Amino acid sequence: MIAARLTADVIVPFVAVMLCLAPVVTRPTVPFGVRVPGERAGAPVIRQERRAYLWRTAAVGACCTVAVVLLQNYGSWWLTRIILLLEVAADLGCYWLARQKITAAKAAEDWYAGHRQIVVTDTTWRTDPPRFPVRWLIPALVVIAVTVVVGTLRYPDLPARLTVAGRGGRQVPKSVVTAFAVVVGQVYVTAVWTGMMLLVYRSRPDIEAADPAASTRRYRRFLAAVTRAVLTLVALVNLSLLLVALRNWQVYRLTGAASALLVLPFVVGLLVLAAVSFRVGQGGSRLPGGAGGRGPAAGTDRDDDRFWKAGLIYVNRDDPALLVGSRFGVGWTFNVANPTAWLVIAAIVAVPAGLIAISAAVGL
Amino acid sequence: MLLSVEPDGPVPIYQQIRDRIVEAIAGGRQPVGSGLPSTRQLAVDLGVNFHTVNKSYDLLRQEGLLRIGRKSGAVVQRDAGSGPPRPDWAQEWAVRLQTLLAEAAAQGLPAEDIIRYCREAIAAFAFPEGQP
Chain E
1 MIAARLTADV
11 IVPFVAVMLC
21 LAPVVTRPTV
31 PFGVRVPGER
41 AGAPVIRQER
51 RAYLWRTAAV
61 GACCTVAVVL
71 LQNYGSWWLT
81 RIILLLEVAA
91 DLGCYWLARQ
101 KITAAKAAED
111 WYAGHRQIVV
121 TDTTWRTDPP
131 RFPVRWLIPA
141 LVVIAVTVVV
151 GTLRYPDLPA
161 RLTVAGRGGR
171 QVPKSVVTAF
181 AVVVGQVYVT
191 AVWTGMMLLV
201 YRSRPDIEAA
211 DPAASTRRYR
221 RFLAAVTRAV
231 LTLVALVNLS
241 LLLVALRNWQ
251 VYRLTGAASA
261 LLVLPFVVGL
271 LVLAAVSFRV
281 GQGGSRLPGG
291 AGGRGPAAGT
301 DRDDDRFWKA
311 GLIYVNRDDP
321 ALLVGSRFGV
331 GWTFNVANPT
341 AWLVIAAIVA
351 VPAGLIAISA
361 AVGL
Chain F
1001 MLLSVEPDGP
1011 VPIYQQIRDR
1021 IVEAIAGGRQ
1031 PVGSGLPSTR
1041 QLAVDLGVNF
1051 HTVNKSYDLL
1061 RQEGLLRIGR
1071 KSGAVVQRDA
1081 GSGPPRPDWA
1091 QEWAVRLQTL
1101 LAEAAAQGLP
1111 AEDIIRYCRE
1121 AIAAFAFPEG
1131 QP
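Protein chains in written order, with our numbering: chain E, 1 to 364; chain F, 1001 to 1132.
Structure representation (structure tokens):
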């Protein structure tokens, strides 16, 4: 319980800081999900809205953090989740406000007038594709292997009823399924994240029309750095799950604040991913420029705002892409007009739902 | 090779893709034997329909510039160093060139300027060593 409470106390401020600083890592040419020509990236209205967003979300984050700390002895576990939900909703409201202002200025002053709007690609992305860093998957797999080995060694000595993690420390009858549920979790996390990153490797890079060659190189470095950080996070999540398993298997006992140690690797992984994201920026936009442009640009990045609902969700029927670079923060988002996207989402949801249903059916 | 298209421009996208690839071959950026992305990959990268890219590749295949194998993918088959084209091809091309040059003449561009533009364009092509 204490671990869960501490986790909630950490998550609310963590999400607050991430959302508050998200505009920093976003591409300068898509402030608050509005595509603007390069020379407008520093327009007064954008600078003003960035400042306003920073202050508003900082205030929201401070209020929510105070609320979580003050209310931690009242209400149930769901109270912090409601606060978290309200925090995210309020921050999205701030995002929407900034977006409205910038969209209005862009339309009023016709920022795209006289621009040749183009889409650029670098065919070497496909003819000389980046390699997935398979070796960075080894730590995650080693942790799973260690978990299986320790579990197998401990299994004969376990009592007939096991205390598992969760609300209240439920008791369940000992079986291979209940004892090794954590391993299933580890395999699931590893498979989902590795699968997603493999899809990202097959999806299109974000290439800037203003400097296609250098931005492709930056994107390659960005993808390599983020993939390594994600695989590190997966290894650390698996480590957290291993620590949980060791407790379930009575290798050690943790009481009080010490049980927060279980989530420590996970938190470290999140911080690593956040640090890498801030270092490289979305699509490598914060990396140093490289060789620079070769002569005058052929055009400006196409104004594709109409395909971005609320500046966050990509819906484009004519685009065969499954994943595209997200417009806010660092990462990728599904093209929800692509039916395959729904298949992938369904698979990600169906697997744990199916496992829970099966375990309920066999009476666990 | 960098490939840019203007999705909202007046020229059809399949034509733009075909034209950019022809220019890259002439400019030496896609020599004989060099590969191009598969139609699906290029469609994803440009955010256009798969059939659009298919149409471009099909045009290039008919022109003999591209070879599309099941395993090898799309590979450039001819370039400036591949020797002279079929005689009937040059005749067809001369007809299209006439239209293009006529546009300039009709707009009043002097003959020497037309020739200067032609020279500048040719200077950017990668002809093999020894050709004037």
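Every residue gets a Cβ at the ideal spot worked out from N, C-alpha and C, and that includes glycine.
Given the structure is predicted, the values throughout are model-derived calculations rather than measurements.
Item to complete: Kindly identify the DSSP beta-bridge partner or partners of ARG1067(F).
Response: Beta-bridge partners of ARG1067(F) (DSSP): VAL1075(F).
Practice prompt. Kindly examine the ligand ZN and report whether one of its heavy atoms sits closer than 7 angstroms to the Cβ of ALA1102(F).
Written response: The ligand ZN is not part of the structure shown, which contains no ligands of any sort.
Discussion item. Using only CA atoms, which one of ALA113(E), LEU137(E), PRO339(E) lies nearest to ALA229(E)?
Written reply: Of all alpha-carbon atoms in ALA113(E), LEU137(E), PRO339(E), the one lying nearest the alpha-carbon of ALA229(E) is that of LEU137(E).
Worksheet item: Within this structure, are the beta carbons of VAL1095(F) and PRO1031(F) separated by less than 8 angstroms?
Response: Not a contact, by the Cβ cut-off of 8 angstroms.
Discussion item. Which residues in chain E have a C-beta closer than 7 angstroms to the C-beta of PRO1085(F)? List them in chain order.
Written reply: Neighbours of PRO1085(F) on chain E: none; closest Cβ ~24 angstroms, over 7 angstroms.
Worksheet item: Short check: CB of PRO28(E) to CB of ALA8(E), under 8 angstroms?
Response: Between PRO28(E) and ALA8(E), the C-beta spacing is not below 8 angstroms.
Worksheet item: So, does the CB of PHE951(F) fall closer than 8 angstroms to a CB anywhere in chain E?
Response: Because chain F here runs from 1001 to 1132, residue 951(F) falls outside it and cannot be looked at.
Worksheet item: Curious, which full-length alpha helix (DSSP H) runs of at least 4 residues does the segment 316–342 of chain E contain?
Response: Inside the segment 316–342 of chain E, DSSP marks no whole alpha helix (DSSP H) run of 4 or more residues.
Worksheet item: Quick one: is GLY1035(F) near chain E, going by C-beta distance under 8 angstroms?
Response: With 8 angstroms as the cut-off, GLY1035(F) counts as an interface residue toward chain E.
Worksheet entry | Rounded Cβ spacing between VAL244(E) and THR190(E) (contact assumed at less than 8 angstroms) | With a Cβ gap of about 16 angstroms, VAL244(E) and THR190(E) do not count as contacting.
Item to complete: Give the C-beta separation of VAL1044(F) and PRO320(E) to the nearest angstrom, bearing in mind that I take them to be a contact with Cβ-Cβ under 8 angstroms.
Response: About 5 angstroms; that satisfies the 8 angstroms criterion.
Practice prompt. Kindly give me the distance between the Cβ atoms of GLN171(E) and VAL143(E), rounded to whole angstroms, as I take these residues to be in contact under 8 angstroms.
Written response: About 27 angstroms; that fails the 8 angstroms criterion.
Worksheet item: Which value, in whole angstroms, describes the spacing of the CA atoms of ALA67(E) and ILE83(E)?
Response: Using only the alpha carbons, I get a separation of about 8 angstroms.
Worksheet item: Taking Cβ-Cβ distances shorter than 9 angstroms, what residues in chain F pair up with TRP125(E)?
Response: PRO1037, GLN1041, ASP1045, listed in chain order.
Discussion item. Tell me which residue opens and which closes the beta strand (DSSP E) that ILE366(E) is part of.
Written reply: Outside the displayed span of chain E (1 to 364) sits residue 366(E), for which this structure offers no information.
Discussion item. Which residues in chain F have a C-beta closer than 8 angstroms to the C-beta of ALA209(E)? List them in chain order.
Written reply: What ALA209(E) touches in chain F: SER1004.
Worksheet item: Leaving out five residues before and five after ARG99(E) in sequence, what residues of the same chain have Cβ atoms less than 7 angstroms from its Cβ?
Response: The residues are PHE32, GLY33, VAL34, GLY311.
Fill in: Cβ-based contacts, 9 angstroms cut-off: residues of the segment 96–121 of chain E near chain A
Here chain A cannot be found, since the structure's protein chains are E and F.
Worksheet entry | Element boundaries [beta strand (DSSP E), containing THR163(E)] | Residues 161–163.
Practice prompt. Closer than 7 angstroms, Cβ to Cβ, to anything on chain E: give me those residues from the segment 1053–1080 of chain F, in chain order.
Written response: Listed by position along the chain: nothing, the set is empty.
Fill in: Pairwise C-alpha distance: GLY93(E) and ALA213(E)
Taking the straight line from one Cα to the other gives about 36 angstroms.
Worksheet item: What does a CB cutoff of less than 6 angstroms around SER1056(F) pick up in its chain, not counting 5 residues either side in sequence?
Response: Cβ contact annotation for SER1056(F) (same chain, cutoff 6 angstroms, sequence separation greater than five): TYR1014, ILE1017, ARG1018, in chain order.
Practice prompt. Counting only the same chain and skipping the five closest in sequence on each side, list residues whose C-beta sits under 6 angstroms from that of ALA107(E).
Written response: Hits under 6 angstroms: none found.
Worksheet item: What's the gap between the Cα of LEU70(E) and the Cα of TRP77(E)?
Response: Each residue's Cα considered, the two are about 14 angstroms apart.
Practice prompt. Taking PRO1084(F) as the reference, give the member of GLU1023(F), GLY1064(F), ILE1114(F), ALA1123(F) with the closest Cα.
Written response: Nearest of GLU1023(F), GLY1064(F), ILE1114(F), ALA1123(F) to PRO1084(F), Cα basis: GLY1064(F).
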